[in-house]
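Q: So that we are looking at the same thing, I have put the structure below in structure tokens.
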Amino acid sequence: MTPTMETQPSASDITRRNSRRFMLGAFLVAAIAFAIIAGSGINKNLVYYWTPKDLRAAGDKAYGATIRLGGQVVPGSVKPHGSTSGIDFDVTDKKSLVHVKTSGIPPQMFREGIGVVVEGTMTREGYFKSDRLMVSHNNEYRTPKDGQNVNAEELIKSTKGLEDKGK
Amino acid sequence: MNATLGSFLILGSLLVATTGAMLGFFAGRKRSPEGLLWSQRFAYLYASLMIAATAVMEYALLTHDFSVSYVAHVGSRAVPVWVTIVSLWSSLEGSILFWGCILGVYIALATFLNRNQHSEYMAYAIGVWLACGAFFSFLIAGPANPFVAVPNPLTDGPGPNPLLQNHVLMAIHPPFLYLGYVGMTIPFGFASAALLRGRLGHGFLRPLRSSLLLPWIFLTIAIMLGGWWAYEVLGWGGYWAWDPVENASLLPWLTATAALHSAIVMERRGVLKGWTVTLVQATFLLTILGTFMTRSGVFNSVHSFTQSSIGPTILVFLALTLLGSVALLALRIDSLESEGRIDGAASREGMFLVNNLLFVLFTFTVLIGTVFPLIVEAVRGKQMSVGRPYFDAMVVPIGAVLLFVLGVGPALPWGRAGKEQIKRSLLPPLIGAAVLAIAGFLLGARNPWTLVTLAFGGYAAQVTLGEMWLPLVQRMRRGDSFKTALVDGQLRRGSRRFGSYLVHAGAVIVIIAIAVSSTMRSTQEIRLAKGQSGTMGPFTGTFTGAEERTEPNRQSTMAHFTITKNGRHVADLAPRMNQYAAMREPIGTPDVHSMITGDIYLSLMNVDLQQQTVGVLVIWTPMVSWIWVAVILMGFGGLVALIPSRQFYAAPSSAEAAALDIAKSGKAAVSS
């Protein structure tokens, strides 16, 4: 308390209260603006973790959205592009099938029948365009399992927390 | 034998921590000197038990005692000794034990350093620390017990997670992170004690600030080491991906940095006490949230080991601490305010406020982006994540404005300043801004944010360097020798000030290096046969052959490259792929050649040994190694600022400000 404030308590108190109210108001406006910006930012940049079945079920929503698609590489479907380093293959979860075109050199472990996660988006031409192919990011002690029982959901989950590496 | 001894020590520590915590709270309430003395003894005893338990575990690891469950889980006779030693923190149970050990050391140290002072707060502080200690002892004794006796032990084990064996940085990143994370318990205890007491005296600021600064240094280095490790090992050529576990380490760093700044305003002006305490509490809560995110397996990454049952326990602890903190703050925050006031926006303290606002915005941005997918999954069962563009779009502007404030803030004087004075402080550094921005443009920077960052960075660099050496210049002008001025003026009397500006200098370099390295890198995927070359910029890389190598714990495939620039030899690089028995995917180990201007980074995509062909990812990243060096400079600056200075206040920025300050503080002293 300063001496000046004791001599004129009412006026000073009122300005103080007003300025406090003003600060609070300004703070609220800023907080709401921030929430709106952050909210729309998140909404525009969501990455969906889908199986081929989820992808089919999503319909039009799949076009242009960032999707991490997990499933098994269908044996016999792998075709190298030839001129460029990319490859084409089909991914399945035993319920639906999606045709995938990737650019970029596939990782060493890539082979037919293995579980993969590809990141990219669905095109109107009916194929999944990907610039990123992950074989598996599982750090647990497990022997490699080929083929039959690829659990697409588990597989996608195993890449969770590995954001946009490879770009 | 080891298992029994370890379990016994942990149960003992649980008992000691619980009793000591209750004793501390009781002694705090009764203001009993006798009670304080006993709670101090319990603090030392707790530390001894935790250290002993950790020593037992290390002994069991080194002697390959596979009858201890943790050793059976991560031990192996095939791995080198250093891997065996660091296995302590290579998996969940051991890392929590190590955590408890560090907590014990911190508690004992903080108790010892304040044994004869601040007695009105210390009993409460020890109570809070030992309550946290009791929680971790409970975790170790129950859900994450590493000392379970194995009935029929095997003669060998699988060895630790291969990713941790793959690079030596993994041996030093976790200890630094734990030293940072766990250390935040100490300021939390001090802040809680101030709230419980309903008072935060000026003398108590010093232990609060030092206890915050020390773990801040460790955390700063740890975050950098984590990024550096990702860069050296993960093979995608970046160091930061807004991965949830990275964010978990960044969040408490942001609030701790904000608290370190608001503490200065608190010290100088007597305001923002409640706010600073809130930030300290938030920092601790964020370390617990981070522990939950990294240790419970909600995110799958290098850090979440196997499925664990400690998640719910940590969540309960987080909820309790959150409720306790909020209740304490709600009840007591008014009793901490507020002796002084802030005079205007265009002042040093005004800029401190802007700094705090920005750090809080930064924290919320990262927190929302990290936690949102968790909430969606919990509520709707859908899996998703928030993509990198969100973080980049939000954080880049905040970071740029922070850099701006970092330049403008120290240029402005404390208190109300005249227009002339503001002009005189703010105009000259524009030269630095122009120089750096133009230099960047000439060297090829075209991204508008990069140019803005360079301009703000140049401004901040000029202000920081000027302020940093001001006491030295002043003393030399007064006739002191360079040596006296340096040792006495910079390190002894002005250590806090000098240290802070070293940290700022490091921060300026880091922000510039991040902007340049992320916007001006170039990437190329090349497929080469033996003898063929590829080019990137002025560099030519020739693939000279691939080979296979067998080591005791792994199988390596290496490809050899010779890098030349304009026909002159630059470096030989040998990126490899390491195949560990316990892992299905080979781990790439890229090879990097660092230069002052930038790094050449080669990462193997695939190798065909028969045909001698490789697919290789080539990345040129300018300025990236500046980040590591500059962060170390920040840590060093923090250490300098920790040196106890005889002069408690930082030296003022100019003679006028000094006169103004003395007048002000004199007035404040009279009026209060």
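Just so you know, the protein sequences line up as chains A and B, in that order.
The opening residue of the first sequence carries number 166 in this note's numbering; numbering runs sequentially from there.
The opening residue of the second sequence carries number 424 in this note's numbering; numbering runs sequentially from there.
Where is the CB? At the ideal position from N, CA and C, for every residue including glycine.
These figures come from a predicted structure and were not determined experimentally.
Output, in chain order, the set of chain A residues within a Cβ distance shorter than 7 Å of Arg847(B).
A: Ordered by position in chain A, no residue passes the 7 Å Cβ test against Arg847(B), which lies about 29 Å from the chain.
Q: From which residue to which residue does the alpha helix (DSSP H) around Met1057(B) run?
A: Counting along the chain, the alpha helix (DSSP H) containing Met1057(B) begins and ends at Val1047 to Leu1065.
Q: Hey, does Met274(A) have any beta-carbon neighbour from chain B nearer than 8 Å?
A: Closer than 8 Å to some Cβ of chain B, the Cβ of Met274(A) qualifies, so yes.
Q: Please decide whether Pro271(A) counts as near chain B, where near means a Cβ-Cβ distance under 8 Å.
A: Closer than 8 Å: yes.
Q: Quick one: what does DSSP say Asn416(B) is sitting in, helix, strand or coil?
A: A query on residue 416(B) cannot be resolved here, the shown segment of chain B reaching from 424 to 1095 and no further.
Q: Can you give me the start and stop residues for the beta strand (DSSP E) that Arg977(B) sits inside?
A: Where Arg977(B) is concerned, the enclosing beta strand (DSSP E) stretches over Arg977 to Lys988.
Q: Should Gln806(B) be flagged as near chain A, meaning a C-beta pair shorter than 8 Å?
A: True, the Cβ-Cβ gap to chain A drops below 8 Å.
Q: Using CA coordinates, which residue listed in Leu485(B), Val831(B), Ile519(B) and Val1047(B) is at the minimum distance from Trp505(B)?
A: It is Leu485(B) whose Cα lies nearest to the Cα of Trp505(B).
Q: Under three-state DSSP, which class holds Ala230(A)?
A: Looking at Ala230(A) - three-state DSSP - the assignment turns out to be coil, as it is neither helix nor strand.
Q: With a threshold of 16 other CB atoms inside 10 Å of the CB of Val591(B), please say whether the residue is buried or exposed.
A: It is exposed - the Cβ of Val591(B) has fewer than 16 other Cβ atoms within 10 Å.
Q: Going along chain E, which residues have a C-beta under 7 Å from Pro574(B)?
A: Note that chain E does not occur in the displayed structure, where the protein chains are A and B.
Q: Residue ranges of each beta strand (DSSP E) run of no fewer than 3 residues wholly in the region 686 to 712 of chain B, ordered along the chain?
A: Correct list: empty.
Q: Please report how far the alpha carbon of Arg307(A) lies from the alpha carbon of Gly957(B), in whole angstroms.
A: Low local confidence applies: a pLDDT of 36 at Arg307(A) is under 50, so the model's placement there is unreliable, and no value is given.
Q: In chain B, what lies closer than 7 Å to Thr231(A) by C-beta?
A: Chain B residues near Thr231(A): Gly810.
Q: Mapping the DSSP letters down to three states, classify Glu290(A) as helix, strand or coil.
A: Residue state, collapsed to three classes: coil.
Q: Can you list, in chain order, the residues of its chain with a C-beta nearer than 6 Å to that of Ile644(B)? Leave out the 5 residues immediately preceding and following it.
A: Closer than 6 Å at Cβ, skipping near neighbours: Phe599 and Gly1058.
Q: Taking the runs of the alpha helix (DSSP H) that are 4 residues or longer, which of them lie wholly in the region 508 to 534 of chain B?
A: Within the region 508 to 534 of chain B, no complete alpha helix (DSSP H) run reaches 4 residues.
Q: Confirm, please, whether the CB-CB distance from Leu1056(B) to Ala928(B) is below 8 Å.
A: Yes. Within cutoff.
Q: Can you list, in chain order, the residues of its chain whose CB lies under 7 Å from that of Thr701(B), leaving out five sequence neighbours each side?
A: For Thr701(B), where only same-chain residues beyond five positions count, the Cβ hits under 7 Å are Leu752.
Q: Beta-carbon separation of Leu619(B) and Gly855(B) under 8 Å?
A: Taking 8 Å as the Cβ cut-off, Leu619(B) and Gly855(B) do not qualify as a contacting pair.
Q: Using 8 Å for Cβ pairs, my map puts Phe627(B) next to Gly550(B). What's the rounded Cβ distance?
A: About 16 Å separates the two Cβ atoms, so there is no contact after all.
Q: Helix, strand or coil: which one does DSSP assign to Trp461(B)?
A: Trp461(B): helix per DSSP, three-state reduction.
Q: Looking at the secondary structure, which residues open and close the alpha helix (DSSP H) in which Ser923(B) lies?
A: That run of the alpha helix (DSSP H) goes Ser918 to Thr942.
Q: Taking buried to mean at least 16 other C-beta atoms within 10 Å of its own C-beta, is Gly964(B) buried or exposed?
A: It counts as buried.
Q: Against chain B, with Cβ distances strictly below 8 Å, would Leu262(A) count as a contact?
A: Chain B contact via Cβ: absent.
Q: Mark Pro1075(B) as exposed unless 16 or more other C-beta atoms lie within 10 angstroms of its C-beta, in which case mark it buried.
A: Model confidence at Pro1075(B) stands at a pLDDT of 41, short of 50, so the residue's coordinates are unreliable and nothing is read from them.
Q: Using C-beta distances below 6 Å, list every residue in its chain close to Trp1096(B), excluding the 5 sequence neighbours before and after it, in chain order.
A: Residue 1096(B) is absent from the structure shown; chain B starts at 424 and stops at 1095.
Q: On the DSSP letters alone, give me the boundaries of the alpha helix (DSSP H) that Gly734(B) sits inside.
A: Counting along the chain, the alpha helix (DSSP H) containing Gly734(B) begins and ends at Ile733 to Leu759.
Q: How is Phe570(B) classed by DSSP in three states: helix, strand or coil?
A: Phe570(B): coil per DSSP, three-state reduction.
Q: Measuring only the C-alpha atoms, how far is Gly429(B) from Ala997(B)?
A: Distance between the alpha carbons of Gly429(B) and Ala997(B): 44 Å.
Q: In the region 937 to 948 of chain B, which residues sit with their C-beta less than 8 Å from some C-beta in chain A, listed in chain order?
A: The region 937 to 948 of chain B vs chain A, Cβ under 8 Å: Glu948.
Q: What first and last residue would you give for the beta strand (DSSP E) that runs through Tyr1024(B)?
A: Where Tyr1024(B) is concerned, the enclosing beta strand (DSSP E) stretches over Gly1021 to Asp1031.
Q: Is it the case that the region 826 to 834 of chain B contacts the region 886 to 896 of chain B, given that we only count it when at least three CB pairs across the two stretches are under 8 Å?
A: Taking 8 Å as the limit for Cβ pairs, the verdict is that the region 826 to 834 of chain B does touch the region 886 to 896 of chain B.
Q: Using alpha carbons as the reference points, say which of Met1018(B), Thr973(B), Lys846(B) and Thr507(B) lies closest to Arg999(B).
A: Nearest option by C-alpha distance: Thr973(B).
Q: Restricting to Cα atoms, I'd like to know which of Gly269(A), Val283(A), Asn208(A) and Phe254(A) is closest to Gly792(B).
A: Of the candidates Gly269(A), Val283(A), Asn208(A) and Phe254(A), the one whose C-alpha sits nearest the C-alpha of Gly792(B) is Asn208(A).
Q: Could you pull the DSSP bridge partners for Asn1001(B) from this structure?
A: Answer is Ser979(B) and Ile1010(B), bridged to Asn1001(B).
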